[in-house]
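Participant: Below is a structure I'd like to ask you about.
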Amino acid sequence: MTHISIDAHDMVGVKAVEMAVVPASVPQVPVAPAQWYALALRHVGPRAELAEGASSWLRHRLDQDCFKYPFVRTPTTSEPLSS
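Per this note's numbering, the sequence shown starts with residue 32, numbered consecutively.
What follows is the structure, encoded as structure tokens:
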């Protein structure tokens, strides 16, 4: 399972594959393999971040518990993997 978040935004799930969805504002969304969601974004950060041309980071965190082997680990960093 993975977890998706966007800096300074909450997400409201509005649709999912073959699942009933009760809209709720959450800071991150867990995503199972082969699952997709339709999300509405709501800005929760400072107003200055809403300026034209402003950007936010889309973050992805892989749940480490899904690996059974100790040598399979992904780096846990907030830095971009490439520039």
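Backbone N, C-alpha and C define an ideal beta-carbon position, used for all residues, glycine too.
For L72 versus M42, is the C-beta spacing smaller than 8 Å?
Facilitator: yes
Participant: So the beta strand (DSSP E) R78 belongs to, where does it begin and stop?
Facilitator: Unbroken run through R78: none, as it is neither H nor E.
Participant: Could you have a look at D41 and say whether DSSP puts it in helix, strand or coil?
Facilitator: The three-state secondary structure of D41, taken from DSSP, is strand.
Participant: Give every residue of the same chain whose Cβ lies closer than 8 Å to the Cβ of W67, excluding the five residues on either side of it in the sequence, and list them in chain order.
Facilitator: A47 and V48
Participant: Taking A55 as the reference, give the member of A79, A69 and P64 with the closest Cα.
Facilitator: Among A79, A69 and P64, the Cα nearest to that of A55 belongs to A69.
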